[in-house]
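Numbering (our numbering), first residue to last: 1 to 186.
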Amino acid sequence: MIGPVVHGPPVFSKVFLVGQAPGPREGGFGKPFAWTAGKTMFRWFEETMGLVEEDFRARIYMAAVARCFPGKANGGGDRKPDAEEIARCRPFLQREVEVLQPELVLAVGTLAITEVLGEQVAGKKLDAIVGTKMKTQWHGVDVDVVPLPHPSGASPWPRIEPGKTLLAKALGLVQRHPAMRAVLHP
């Protein structure tokens, strides 16, 4: 993996967003979701909830399954972190969950969804997962999880049906969750 380590600021929040890994540009900006995928994701929250990027970053804890850019894949695009890389980063994620005791986890992208929900989503496609709220125990903490698709421009899923409708449903679940309502109306 290629440094630096990228993570969000130290925000005490009951809403915890977890993504896959930083992209190639996030290290230079020193913050997660700082490039194209971030612009798309923050637009989802602004259009649905009126939560602009600056407020999102100040009120919601942001982390990733892998803390450094994994590098490019052979066929182009960003490489997904492998099991060993995920395992090396897991203790940091576990400690953050233990400290924050989140009530709502926003798992962004298939890798993060799988890391948080494990067997509950094994073998399921995004169509069966996005637009739902699931309960699980993650690193010893009981949490509600709302899976979201990855906002990467490489995937058209959130922009075409049924992804577009399921994303809107998921964002509605997020907006109505008590932990998110506390974020939106501090």
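Don't be surprised by glycine CBs; every beta carbon is placed ideally from N, CA and C.
Quantities reported herein were computed from a predicted structural model and do not represent experimental measurements.
Out of curiosity, what's the CA-to-CA distance linking residue i and residue j?
i      : j      : result
Gly27  : Pro9   : 14 Å
Pro91  : Leu126 : 27 Å
Gly131 : Gln101 : 23 Å
Trp44  : Asn74  : 31 Å
Gln175 : Leu51  : 10 Å
Leu171 : Glu84  : 32 Å
Trp157 : Ile113 : 15 Å
Glu46  : Glu54  : 10 Å
Lys80  : Glu119 : 20 Å
Thr48  : Thr165 : 13 Å
Do the CB positions of residue i and residue j come within less than 8 Å of each other?
i      : j      : result
Pro22  : Phe69  : yes
Asp6   : Leu106 : The identity of residue 6 in the sequence shown is Val, whereas the question assumes Asp. For Val6 and Leu106, no; Cβs fall outside 8 Å.
Val183 : Arg59  : yes
Met180 : Leu104 : yes
When we look at the beta-carbon of residue i and count the other beta-carbons within 10 Å, is it buried (16 or more) or exposed?
i      : result
Ala87  : exposed
Pro178 : exposed
Val99  : exposed
Gln137 : exposed
Taking the DSSP output, what are the residues bridged to residue i?
i      : result
Met62  : Leu17
Lys142 : The sequence given here places Asp at residue 142; Lys does not occur at that position. For Asp142, which the question treats as bridged, DSSP gives the partners Gln137.
Val11  : According to DSSP, Val11 bridges with nothing at all.
Gly102 : Note that residue 102 is Pro in the sequence shown, not Gly. Looking at the DSSP assignment, Pro102 forms no beta bridge with any residue, so it has no partner.
Leu148 : Val108
Ile2   : Phe69
Asp78  : Lys72
Is residue i close to the ligand GDP? I mean its beta-carbon at under 7 Å from any heavy atom of the ligand.
i      : result
Thr165 : With respect to small molecules bound, the structure shown includes none, and the ligand GDP cannot be examined in it.
* Asked: Touching or not, the region 57-67 and the region 134-149, by the rule of three or more beta carbon pairs under 8 Å?
  -> no
* Between the region 152-166 and the region 26-42, do at least 3 Cβ pairs fall closer than 8 Å? -> yes
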